[in-house]
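Just so you know, the sequence shown maps onto residues 850 to 1184 in the numbering used here.
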Amino acid sequence: MIRLTLIEARELAESILLHNGFNLAHAQAVAATVIAGERDGCASHGLYRILGCVNSLRAGKVSADAEPRVIDQAPSIVRVDAGGGFSQLAFQAGLPLLEEKTRANGIAALAINHCVHFSALWVEIEQLTAAGLVALACNPSHAWVAPAGGREPVFGTNPIAFGWPRAGQDPFVFDFATSAIARGDIELHRRAGKAIPEGWGVDAEGRPSTDASVVLDGGAMLTFGGHKGSALAAMVELIAGPLIGDLTSAESQAYDAGSKSSPYHGELIIALDPRRFLREATEEHLARAEVLFQGIEGQGARLPSQRRYAARARSVVEGVQIPEALYNDLKVLLT
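In structure tokens, the structure reads:
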């Protein structure tokens, strides 16, 4: 394992992206996201993702210098055209207007179009909870996941993330794929030569498989919770696809044309302002939410993201560790 400080990790990520042709704005935005993943103990969304970013650029599937275009669509709707760039810069561009509309109307939505997306959603959600807003985000990806009862990939991993602000404490945040596991986790198992647990995927005939390569190459991933995860995955396809005028996971896969680049699609973020909903009763009802959290933790159960927050605190002091093989693969991208 190779240990890096957070500063060293960020400098490594930025230098690779700049060396390979991304402009400074994209390099900084993407690096911040992958370092957040590595810092929070989520290796599947950490420095490993830099490999895919460079591959996507070399395949001509992402713009290295796109400038997001913010569109004031309606009183409660912001649209950002990412112009074929990564989603991070588009989110940054649309965030100020999304916050403004949410505070004015109580609820607002940000639709990001024509973006390349590889990242965890909690990074964006936490920016909204830091502003005191409740937030929900989702997006399709590539068609890698079979619907419940099927064997052919139709859905993406289709993550859903939610955040609730908490005064003086880390926010309540969850961010999970509607597939049984994030695709990056299966890819990391393949890199490490490890079998995957049953229930993560099937082979081309629909038979359960614990071979990561079989699932990734010709097989299909599975949804979590059977038909329940399948229904949620379909919901994400609809509200972050046709509803905002962007691609489904199957259409993103077709656009990829075998290049194995990051997915190309849209993203939907919805923000709600508790103070516009509750006015003078805001503190009273936010306190009731804390009773709910106490009821969960009081019996020894864990709130979502607690492990991430603990890893974050450690990483600030100790830095992060990545496999030597990954470090070497990253360094090659600087030659």
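We treat Cβ as the ideally placed atom computed from N, Cα and C, and that holds for glycine.
- prompt: What does a CB cutoff of less than 8 Å around S1062 pick up in its chain, not counting 5 residues either side in sequence?
  reply: R1039
message: Give the list of continuous beta strand (DSSP E) stretches no shorter than 3 residues that lie fully inside the segment 1083-1134.
response: 1113-1121
- prompt: Does the segment 1078-1091 come close enough to the segment 878-887 to have 3 or more Cβ pairs within less than 8 Å?
  reply: no
- prompt: CB-CB under 6 Å to P917, same chain, minus the five flanking residues each way: which ones, in chain order?
  reply: V929, A931, L938, A939 and A942
query: Exposed or buried, which one is K950 when buried takes at least 16 other CB atoms within 10 Å?
result: buried
- prompt: Thinking just about the alpha-carbon of each residue, which of L1179, G1074, H894 and F967 is nearest to the one in P989?
  reply: F967
- prompt: If you follow the beta strand (DSSP E) that N962 is part of, which residue opens it and which one closes it?
  reply: I956 to V965
Cα-Cα separation, S1108 to A908: 6 Å
task: Would you identify the three-state DSSP class for D914, choosing helix, strand or coil?
output: coil
- request: Kindly indicate which residue of A979, K1043 and N954 has the alpha-carbon position closest to the one of R1128.
  value: N954
message: Helix, strand or coil, according to DSSP, for D1178 in the structure here?
response: helix
task: Starting from I1171, follow the beta strand (DSSP E) in both directions and report where the run begins and ends.
output: V1169 to I1171
- prompt: Excluding the five sequence neighbours on either side, which residues of its own chain have a C-beta within less than 7 Å of the C-beta of A1099, listed in chain order?
  reply: A992 and V1003
- request: Could you check how far apart the C-beta atoms of L1071 and G1050 are, in whole angstroms? I think they sit under 8 Å.
  value: 6 Å
- request: Please classify F1004: does DSSP put it in a helix, a strand, or coil?
  value: strand
- request: Using a threshold of 8 Å, state whether the C-beta atoms of V911 and S936 are closer than that.
  value: no
message: In the DSSP assignment, the beta strand (DSSP E) including C987 goes from what residue to what residue?
response: V983 to C987
A1246 - DSSP class collapsed to helix/strand/coil: In the structure displayed, the chain extends from 850 to 1184; residue 1246 sits before or after that span and is not available.
message: Spatial neighbours of E1054 within its chain, please: C-beta separation below 8 Å, excluding the five flanking residues on both sides.
response: R1000
task: Give a yes or no on whether the C-beta atoms belonging to L866 and A881 are separated by under 8 Å.
output: no
query: Starting from G886 and walking both ways along the alpha helix (DSSP H), at which residues does that stretch end?
result: L873 to R888
query: So what does DSSP say about T854, is it helix, strand or coil?
result: coil
query: Among V1181, A1044, G1115 and A1162, which one has its Cα closest to the Cα of L855?
result: A1162
task: Over the uninterrupted alpha helix (DSSP H) stretch that includes A1061, give me the two end residues.
output: A1061 to L1065
query: Is Q1018 helix, strand or coil by DSSP?
result: coil
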